[in-house]
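Following the numbering used here from start to finish, the sequence shown increments by one per residue and tops out at 955. The beta carbon of each residue, even a glycine, is placed where N, CA and C say it ideally should be. Everything numeric in this text was worked out from a predicted model, so none of it was measured.
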Amino acid sequence: MKHYTKQYIAGVWREGSSDKQLETCNPYTNEMIYSYRAASTQDVDDAYAAAKAAQPAWAATLPEERRTYLKALANVVRDMEPEIFQLLMEESGGTRAKFAFEYGDTLKVIDDAMCYHMMMDGRIAPSNTPGKDNYIFKIPKGVVCVIAPFNFPLLLSMRSIVPAIACGNTVVLKPSSETPGSGFQIAEMFEKAGFPKGVLNVVAGRGSEIGDYIVSHPTPSLVSFTGSTEVGKHIGEIAGGLLKDVSLELGGNQVMIVLDDADVDQAAKAAIVGSYSHQGQICMALNRVLVTPKVYDQFIELFVKYSKQVKCGDPADDAVVIGPLINHDQVKKVEENINATLKAGGKVELEGKIEGNVISPWILSGVSNDMCAAKCEIFAPVTSIIPVKDEEEAIRVANETNYGLSNCIFTKDLYKGLELARRMESGMAHVNDQSITHEPHVMFGGEKDSGVGRFNGHWVVDKFTTEKWVSVQRTDRY
478 MKHYTKQYIA GVWREGSSDK QLETCNPYTN EMIYSYRAAS TQDVDDAYAA
528 AKAAQPAWAA TLPEERRTYL KALANVVRDM EPEIFQLLME ESGGTRAKFA
578 FEYGDTLKVI DDAMCYHMMM DGRIAPSNTP GKDNYIFKIP KGVVCVIAPF
628 NFPLLLSMRS IVPAIACGNT VVLKPSSETP GSGFQIAEMF EKAGFPKGVL
678 NVVAGRGSEI GDYIVSHPTP SLVSFTGSTE VGKHIGEIAG GLLKDVSLEL
728 GGNQVMIVLD DADVDQAAKA AIVGSYSHQG QICMALNRVL VTPKVYDQFI
778 ELFVKYSKQV KCGDPADDAV VIGPLINHDQ VKKVEENINA TLKAGGKVEL
828 EGKIEGNVIS PWILSGVSND MCAAKCEIFA PVTSIIPVKD EEEAIRVANE
878 TNYGLSNCIF TKDLYKGLEL ARRMESGMAH VNDQSITHEP HVMFGGEKDS
928 GVGRFNGHWV VDKFTTEKWV SVQRTDRY
């Protein structure tokens, strides 16, 4: 893969000015891929200055001009497909199947954003003052800060960057320190697409050095963060004290409910996708499966059977479904959560192996919500099966969590499924499908500790713009 060792500020690739040297490692081999000098607070200042200077001219571009730039960006992304896969595989441990999802939805995000200028419509409102006209304009927020996670570094960066820029904003991106190359690869995409200098700027550095600073900086009017609930709350506190707007897409503790009348085979196959995609390192991944008595044993039998067929190991192997976790610290945390759950009374239905950073599927049964594997966001291929006596208990147990992102339910009674899905305390719920579901033109977002704000379509346009009232007094008033 290409080694990205420089920051991207004002259209220029330059060395970071921190005295810290950071390393990027392959999570499967644990080998260092490359090292680079981290960004300092001065680099953040320069990135924001470039974005602020570029924003008025960018906001003044005609809608069709922005559309042309986005078309060029989509073409660049298509041309760079092989190197994008190589980077995502080596830097984040992503498999071929995970890449297909991330890459495909990234292109859809760009394609959908080509019409966002059509959604920046205002309105004319009547006035109670004679001779006055009221105009409401939808305008860009200005400069947007985007802070991206390690798990889907391309898609979850572009999901904020592209709509923000399509609406006339400029952006400063801070990628995860685990996957900085993905952020700089995005900068290369925008550079190749010919975007004006300063429209996108990328700085990568230690969270302890620039993390709070990039949020508290006076320039950005909105901070779009995707990551853990703990960090998201901290960002929200900083931004709230400065009256900055935020878009926070945070953690999850997804549940699948399998009712007595469900197609159990389909539910088990869906649970494979929902539990093991990208090693379970997805905010929408299944943590818990709640199963009613008549199908409890059957579901476990099928889920274990299909889980044993899942290939684990080197993400370079196209047949592999489960690759490595992002680092060994995460592996140790998962081990601790499993052991604590077993000590509390959980039963092993399928014992996974731990080889380096690769964890093969673990299935635990007889789990309750107060056990560690059920109450935590496990972020690994570990699934807890919880017995429930009926649909009412299933809804109660499903909602006994501080999270509320994406849940699902399996039943042949579609209307009942719809009604129960509405009672789940989550931003998204799916009937007869697994929880990792995303369509770039459909609303995306969570409730409770899973975040605030909505992505995609007119929801994201509303988030990355503000409204301004301008009145015109046509006749003398005084």
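Beta bridge pairing from DSSP links Ile486 with Val489. As computed with DSSP, Met733 is found in a beta bridge with Val766, Cys885. With a minimum length of 3 residues, the unbroken runs of beta strand (DSSP E) contained wholly in the segment 631 to 683 fall at 647 to 651, 677 to 679. Ser698 is not a Cβ neighbour of Ile749, given a cutoff of 8 Å.
CA-to-CA, the gap between Ala851 and Leu539 works out to about 51 Å. Taking the Cα of Pro801 as reference, the smallest distance to any Cα among Ser494, Cys502, Tyr481, Glu492 is reached at Cys502. In this structure the segment 853 to 869 touches the segment 810 to 828; the number of beta carbon pairs closer than 8 Å is three or more.
Measuring C-alpha to C-alpha distances from Ile777 to each of Trp839, Asn611, Gln731 identifies Trp839 as the nearest.
Closest in alpha carbon position to Glu868, among Ser754, Lys893, Ile862, Ser883, is Lys893. Of the candidates Pro792, Asn879, His918, Lys925, Pro792 places its Cα closest to the Cα of Lys575.
Between the segment 523 to 534 and the segment 673 to 686, the count of C-beta pairs closer than 8 Å reaches three or more; the two stretches touch.
Counting C-beta pairs with one atom in each stretch, the segment 618 to 628 and the segment 643 to 653 have three or more that are closer than 8 Å, which means they touch. Minimum Cα-Cα distance from Asn814 among the listed residues Val874, Met848, Gly790, Glu877 corresponds to Met848.
Rounded to the nearest whole angstrom, the CA to CA distance from Glu508 to Val938 is 41 Å.
For Arg873, the enclosing alpha helix (DSSP H) covers residues 868 to 876.
For Leu779, the closest alpha carbon among the candidates Thr703, Leu882, Ala745 is that of Ala745. Counting only residues of its own chain and dropping the five nearest sequence neighbours on each side, Thr943 has a CB closer than 7 Å to the CB of Ile616, Lys618. Tyr481 carries a coil assignment under DSSP once its states are collapsed to helix, strand and coil.
The shortest CA-to-CA distance from Ile561 to any of Gln662, Gln484, Leu633 is the one to Gln662. At least 8 Å separates the beta-carbon of Arg873 from that of Asp610.
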